[in-house]
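Here the protein sequences come in this chain order: A and B. Using our numbering, read the first sequence as starting at 64 and increasing by one per residue. Using our numbering, read the second sequence as starting at 64 and increasing by one per residue. Yeah, the Cβ is synthetic: ideal placement off N, Cα and C, and Gly gets one too.
2 protein chains.
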Amino acid sequence: MTTTDTPTVDNGVNVAALLAAREALTAAPEAARFQWRARTEWIDGTYSRTTVQDFSGLGAEHTHRQAFVIDADQPEVFASEDRGATPVEIVLGALAACLTTGVASVATNRGVKLRSVTATVEGDMDLQGILGIDPDVRNGFSGVRVRYEIDADAPRAEIEAIVAQSQKRSAVFDLLTNPTNVTVDVA
Amino acid sequence: MTTTDTPTVDNGVNVAALLAAREALTAAPEAARFQWRARTEWIDGTYSRTTVQDFSGLGAEHTHRQAFVIDADQPEVFASEDRGATPVEIVLGALAACLTTGVASVATNRGVKLRSVTATVEGDMDLQGILGIDPDVRNGFSGVRVRYEIDADAPRAEIEAIVAQSQKRSAVFDLLTNPTNVTVDVA
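Structure below.
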């Protein structure tokens, strides 16, 4: 009988490399310390441009293959010019992107071939918070819902288990559901 | 003596409209209920594409002037192809974008002309969390730091007060520093 370490399906995720990284970082935990960065420039009004270019980890500095740019703005209903998504919409997208990466990785690790994965995300927000109308209303979302449509070679129970495992290991899901210490200062 | 309701400086923010909206929503709080949305499609491997197009609020459905697209991926050090920023970098950018919109709005409301505003954001993450190596390490950031460089017609103390007020009213700052209920399910 022949055994193999490589997954039997290809979703484009290199699971063998991820498992090797896990083993390497278990042996050298200081290499697991990463620092992610972004730089945001105000352009005009509510409009800003964020650039993501470098990060550190595995004991070294790294540069992305290219700089990634994300514009943010406010819509016309707020008397703005709608030159980008709002920051809260961008957060919803990051949540779904993080969970979706997890779905692809977990599915591959479990030998499940994916045909299509789509997530729709909704976040409810009462603007009485950010406008300072009611001090009992928070600035952020009162609740967020992510719904997946997944077409894959697996029974529904297995697809649900894949989504649940992705949620368990998602950085952005953790960031939204648990508090993080954030400091803001002026140089 | 003549008084005027319009701010004496122009940073491109329509503060008069924002103050009018605040007054209108104080009188009709149900119109303050917004729902923000995003839709994420898995493309291949760890690569996904998020589209932001419509939202509801002020008792109606709205469509952005154009669909905004954000690609997300993982870098080559994780055996991926680096076709977009990582979801956690996108969250850092959304935080800085949200705070920067606030800085421009608060500065305008206080009559402070901005010349330039730049935020650099760093988020520390120990990958032993998302890789499942150490159950005591969280998946998200252990801490986030935002640092502003602001060139404006105002003393340092006033600039610091503007940044502090922006933080107090920031939706994304609230989302990161306080927990939100997030549900994830399969359609």
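**Study point:** the segment 109-126 of chain A touching the segment 191-209 of chain A, judged by at least three CB pairs closer than 8 Å
**Key:** Note that the segment 109-126 of chain A does not touch the segment 191-209 of chain A; fewer than 3 beta-carbon pairs, one per stretch, sit closer than 8 Å.
**Study point:** Where A/T66 falls: helix, strand or coil (DSSP)
**Key:** The residue given as residue 66 of chain A occupies position 3 in the first sequence. Here the model assigns A/T66 a pLDDT of 44, short of 50, so the residue's position is not dependable, and the following value carries that caveat. Three-state DSSP puts A/T66 in coil, outside helix and strand.
Exercise for review: If I'm right that B/Q137 touches B/T109 with Cβ under 8 Å, what's the distance once you round it to whole angstroms?
Suggested key: Reading the second sequence from its first residue, position 74 is the one you call residue 137 of chain B. Reading the second sequence from its first residue, position 46 is the one you call residue 109 of chain B. Right, the Cβ-Cβ distance comes to about 4 Å (below 8 Å), so this counts as a contact.
Check your understanding: Relative to the alpha-carbon of B/E152, which residue among B/L238, B/E93, B/N77, B/E185 has its alpha-carbon at the smallest distance?
Key -> Counting from one through the second sequence, the residue named residue 152 of chain B turns up at place 89. Cα-wise, what sits closest to B/E152 is B/E185.
Practice item. Would you check if the segment 139-154 of chain A and the segment 167-179 of chain B touch, i.e. whether three or more CB-CB distances between them fall below 8 Å? Key: no
Check your understanding: Can you name the residues of chain B whose CB is closer than 8 Å to the CB of A/D117?
Key -> The residue given as residue 117 of chain A occupies position 54 in the first sequence. Going along chain B, no residue has its Cβ under 8 Å from A/D117, so there is no contact; the nearest lies around 10 Å.
Review point. If you count every other CB in all the chains shown that lies within 10 Å of the CB of A/S143, and 16 or more means buried, which is it?
Key: Here residue 143 of chain A refers to the residue found at position 80 when the first sequence is read from its first residue. That one is buried.
Point to revise | Proximity to B/T240 [Cα-Cα], best of B/A94, B/L190, B/Q230 | key: Against the second sequence, residue 240 of chain B aligns to sequence position 177. The shortest Cα separation from B/T240 among B/A94, B/L190, B/Q230 belongs to B/Q230.
Point to revise | Within 9 Å of chain B by C-beta, residues of the segment 208-223 of chain A in sequence order | key: R208, V209, R210, Y211, E212, I213, R219, I222, E223
Check your understanding: Taking three-plus beta-carbon pairs below 8 Å as touching, is the segment 89-100 of chain A in contact with the segment 127-135 of chain A?
Key -> no
Review point. For a contact meaning CB atoms closer than 8 Å, what does A/G174 contact in chain B?
Key: In the first sequence, counting from the first residue as 1, residue 174 of chain A sits at position 111. What A/G174 touches in chain B: nothing, since even the nearest Cβ is about 16 Å away.
Practice item. Determine the contact status of A/G206 and B/A101, defining contact as a CB-CB distance below 8 Å. Key: As a first step, residue 206 of chain A is located in the first sequence; it is residue number 143 there, counting from the start. As a first step, residue 101 of chain B is located in the second sequence; it is residue number 38 there, counting from the start. Not closer than 8 Å, so no.
Check your understanding: If we ignore side chains and look at the alpha-carbon of each, how far apart do A/A220 and B/L162 end up?
Key -> Counted from its first residue, the first sequence places residue 220 of chain A at position 157. Counted from its first residue, the second sequence places residue 162 of chain B at position 99. Their Cα atoms are separated by approximately 41 Å.
Review point. Beta-carbon separation of B/A148 and A/F131 under 8 Å?
Key: Along the second sequence, one-based indexing puts residue 148 of chain B at 85. Along the first sequence, one-based indexing puts residue 131 of chain A at 68. Taking 8 Å as the Cβ cut-off, B/A148 and A/F131 qualify as a contacting pair.
Exercise for review: Kindly indicate the opening and closing residues of the alpha helix (DSSP H) around B/D197.
Suggested key: Residue 197 of chain B sits at position 134 when you count from the first residue of the second sequence. It is not in any alpha helix (DSSP H) - B/D197 carries neither H nor E in the DSSP assignment.
Review point. Is there a Cβ from chain B that is less than 8 Å from the Cβ of A/A182?
Key: If you number the first sequence from 1, residue 182 of chain A lands on position 119. Yes - at least one Cβ of chain B is within 8 Å of the one on A/A182.
Check your understanding: With 16 as the cutoff for other CB atoms within 10 Å, does A/S179 come out buried or exposed?
Key -> Along the first sequence, read from residue 1 onward, the residue named residue 179 of chain A stands at position 116. Exposed, by the Cβ-count rule.
Review point. Given that a residue counts as buried once 16 or more other Cβ atoms are within 10 Å of its Cβ, and exposed if not, what is A/A160?
Key: The residue labelled residue 160 of chain A in the question sits at position 97 within the first sequence. Classification of A/A160: buried, given that the 10 Å Cβ count is 16 or more.
Exercise for review: Measuring alpha carbon to alpha carbon, tell me which of A/S111, A/L81, A/N77, A/L121 ends up nearest A/A135.
Suggested key: Here residue 135 of chain A refers to the residue found at position 72 of the first sequence. Residue A/S111 is the option with its Cα nearest to A/A135.
Exercise for review: Apply the 10 Å Cβ neighbour rule to B/D145 and answer buried if 16 or more other Cβ atoms are within range, or exposed otherwise.
Suggested key: Along the second sequence, one-based indexing puts residue 145 of chain B at 82. Burial call: buried.
Review point. When we look at the beta-carbon of B/N74 and count the other beta-carbons within 10 Å, is it buried (16 or more) or exposed?
Key: Locating residue 74 of chain B in the second sequence gives position 11, where the first residue counts as 1. By the 10 Å Cβ count, B/N74 comes out buried.
Practice item. Assign B/A250 to one of two classes, buried (16 or more other C-beta atoms within 10 Å of its C-beta) or exposed (fewer than that). Key: Numbered from 1 along the second sequence, position 187 holds the residue referred to as residue 250 of chain B. It counts as exposed.
Check your understanding: Does DSSP put B/A217 in a helix, a strand or coil?
Key -> By 1-based counting over the second sequence, the position of residue 217 of chain B is 154. Here B/A217 sits in coil by DSSP.
Exercise for review: Examine chain A for any beta-carbon lying closer than 8 Å to the beta-carbon of B/T163, and answer yes or no.
Suggested key: Translated into the one-based positions of the second sequence, residue 163 of chain B becomes position 100. Yes, B/T163 counts as interfacial toward chain A.
Review point. How would you call B/A83, buried or exposed, if buried means at least 16 neighbouring beta carbons within 10 angstroms?
Key: As a working mapping, residue 83 of chain B is identified with position 20 in the second sequence. Counting Cβ neighbours within 10 Å, B/A83 comes out exposed, since fewer than 16 surround it.
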